[in-house]
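Numbering (our numbering), first residue to last: 1427 to 1664.
Even glycine gets a Cβ: it sits at the ideal position worked out from N, Cα and C.
Down below is the structure, laid out as structure tokens.
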């Protein structure tokens, strides 16, 4: 009886041992599977990182080519619409006036566009050229302008799409209000022209802020555009 009892105990222990071995084998297989999956994930992660690195490099190259193309376009704009700071003759200025003014393509754009020292045609053409310059710069830099401009040289205008200004501009069928960016004494309301210049300045400020170019708010519009173009062409240098 004792021998039989011992035999049963040994068989039971063997059965338990076999079950433990099977469990260990199953756990080992699970561990191998997990390790294989981890290795696969690591390989996939490495492949993804390589692909991201390649895409990042391609993106950097694309951005570099795009910026180079923009610089070439802005250089062409500089040739078509050259901005200069000219010194005025001492006779033409009083102690209270500035002794310099900005010109675009040789046409002066005075800080005070209502000053009678410049003719209507000169001021209107200078404003029209400035509109073209701002509009093309916006297009080349892919920066949308807050206020859309109508570039028609000496009869240019700017549009407040929502009519937020409260000024009595030229109303069209929608709520948009058109403000002149040209001077014609006896025809164009000076207040409308003044507000049109405010909107134009806001567009220019938008370009400068988007490109993170430092400027002073009271600068002439041409001074701001000159700073913007020189800094972009110079690769960030003022």
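Asked, Found
"Outcome for residue 1461 when other beta-carbon atoms lying within 10 angstroms are tallied against a minimum of 16", "exposed"
"Contact the stretch 1602–1621 vs the stretch 1632–1651: 3+ CB pairs below 8 Å", "no"
"C-alpha gap between residue 1537 and residue 1584, whole angstroms", "19 Å"
"Given 8 Å, three or more beta-carbon pairs between the stretch 1459–1476 and the stretch 1489–1503", "no"
"Where residue 1658 sits in the DSSP three-state scheme", "helix"
"C-alpha gap between residue 1601 and residue 1565, whole angstroms", "25 Å"
"Option in 1659, 1626, 1654, 1549 with minimal Cα separation from residue 1608", "1549"
"Nearest candidate by alpha-carbon position, reference residue 1674, set 1615, 1525, 1513", "A query on residue 1674 cannot be resolved here, the shown segment of the chain reaching from 1427 to 1664 and no further."
"Per-residue DSSP class, three states only, for residue 1508", "coil"
"Span separating the alpha-carbon of residue 1430 from that of residue 1438", "12 Å"
"8 Å contact criterion, which residue 1667 and residue 1630 should meet: CB distance rounded", "As displayed, the chain neither begins before 1427 nor continues past 1664, which places residue 1667 out of reach and without an answer."
"Minimum length 3: unbroken beta strand (DSSP E) runs contained in the stretch 1547–1577", "1574–1576"
"Strand pairing of residue 1621, partner residues [DSSP]", "Partner(s): none; residue 1621 has no beta bridge."
"Backbone CA spacing between residue 1561 and residue 1464 [nearest angstrom]", "55 Å"
"Outcome for residue 1563 when other beta-carbon atoms lying within 10 angstroms are tallied against a minimum of 16", "buried"
"Contact check, residue 1528 vs residue 1648, beta carbons under 8 Å", "yes"
"Buried versus exposed call for residue 1579 [16 or more other C-beta atoms within 10 Å across all chains shown]", "exposed"
"Coarse secondary structure for residue 1645, derived from DSSP in three states", "coil"
"For residue 1588, the nearest candidate out of 1505, 1573, 1449 (CA to CA)", "1573"
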